[in-house]
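S.K.: Starting off with a structure, shown below.
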Amino acid sequence: MQSVTPTSQYLKALNEGSHQPDDVQKEAVSRLEIIYQELINSTPPAPRTSGLMARVGKLWGKREDTKHTPVRGLYMWGGVGRGKTWLMDLFYQSLPGERKQRLHFHRFMLRVHEELTALQGRPIRWKLLPIALKPKLTCSVLTNFLFLILPTPCYLAV
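The numbering of the sequence shown is this note's numbering, which starts it at 291 and goes up by one.
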């Protein structure tokens, strides 16, 4: 079975005539393909161990592999009708699994606002932590049609 990648979907749409060739889109697809391949081939970092067992492991020469290179993201911008949403759809549809989420930028920002409202009265230094961690706990990839940010260990596109 041939894998469905952003590039294969883009080429299929061109061959079917549903979209016209566009050099800027072609460049964006090639960059999305790189991100796709890195996500598919990456291994998330192992959870850090702490406490007594971690210290005992260090005594026996066991070390945690703390080096994990996060997959870098892509910022896409352009005028109305340039194909940003379509390209993000291709990318999203290519990703395997269920740990991904597709949100419009405005809905994402509304969620951030709702989280901040729920945290009213708490010290300000704690306000952004739950918002920053929530996507990590609920998804591996979160896409939005405007831009893509991929921190570790959660792959986040907003």
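Glycine included, every Cβ here is placed at the ideal spot set by N, Cα and C.
Here the structure is a predicted model, which is why all the values come from computation and not from measurement.
For R392, report the span of its alpha helix (DSSP H) as first-last.
M.R.: Here residue 392 corresponds to residue number 102 of the sequence shown, with the count starting at 1. Element bounds for R392: not the alpha helix (DSSP H) but the beta strand (DSSP E), K390 to R392.
S.K.: Between L377, Q410 and R392, which has its C-alpha nearest L301's C-alpha?
M.R.: As a first step, residue 301 is located in the sequence shown; it is residue number 11 there, counting from the start. Of the listed residues, the one whose Cα sits closest to L301 is L377.
S.K.: Would you check if the segment 305 to 321 and the segment 362 to 374 touch, i.e. whether three or more CB-CB distances between them fall below 8 Å?
M.R.: yes
S.K.: What do you reckon, are the CB atoms on V294 and I325 nearer than 8 Å?
M.R.: Reading the sequence shown from its first residue, position 4 is the one you call residue 294. Reading the sequence shown from its first residue, position 35 is the one you call residue 325. Contact flag unset, no.
S.K.: Which same chain residues, not among the five before or five after P311, have their C-beta less than 7 Å away from its C-beta?
M.R.: Position 21 of the sequence shown, counting from 1, holds the residue named residue 311. Hits under 7 Å: L304.
S.K.: For L385 and I330, I'd like the C-alpha separation in whole angstroms.
M.R.: One-based indexing of the sequence shown puts residue 385 at position 95. One-based indexing of the sequence shown puts residue 330 at position 40. Rounded to whole angstroms, L385 to I330 spans 8 Å at the Cα level.
S.K.: Anyone know if the C-beta pair for Q299 and Q383 falls short of 8 Å?
M.R.: Counting from one through the sequence shown, the residue named residue 299 turns up at place 9. Counting from one through the sequence shown, the residue named residue 383 turns up at place 93. Contact flag set, yes.
S.K.: In the DSSP assignment, the alpha helix (DSSP H) including M378 goes from what residue to what residue?
M.R.: Mapped onto the sequence shown, residue 378 falls at position 88. Where M378 is concerned, the enclosing alpha helix (DSSP H) stretches over K374 to S384.
S.K.: Within 10 Å of its beta-carbon, does G411 have 16 or more other beta-carbons around it, so buried, or fewer, so exposed?
M.R.: Counting from one through the sequence shown, the residue named residue 411 turns up at place 121. Looking at its Cβ environment, which holds fewer than 16 other Cβ atoms inside 10 Å, G411 is exposed.
S.K.: Do you know offhand how far E306's Cα is from E405's?
M.R.: One-based indexing of the sequence shown puts residue 306 at position 16. One-based indexing of the sequence shown puts residue 405 at position 115. If you take the alpha carbons of E306 and E405, they lie about 44 Å apart.
S.K.: For F381, does the count of other Cβ atoms within 10 angstroms reach 16, so buried, or fall short, so exposed?
M.R.: Here residue 381 is taken as the residue at index 91 of the sequence shown, counted from 1. Buried.
S.K.: What residue does the alpha helix (DSSP H) around P360 start on, and which one ends it?
M.R.: Taking the sequence shown and counting its residues from 1, the one referred to as residue 360 is at position 70. Per DSSP, P360 belongs to no alpha helix (DSSP H) and is neither H nor E.
S.K.: How far does the alpha helix (DSSP H) with M399 in it extend, from its first residue to its last?
M.R.: Taking the first residue of the sequence shown as 1, we reach residue 399 at position 109. Note, M399: alpha helix (DSSP H), F395 to A408.
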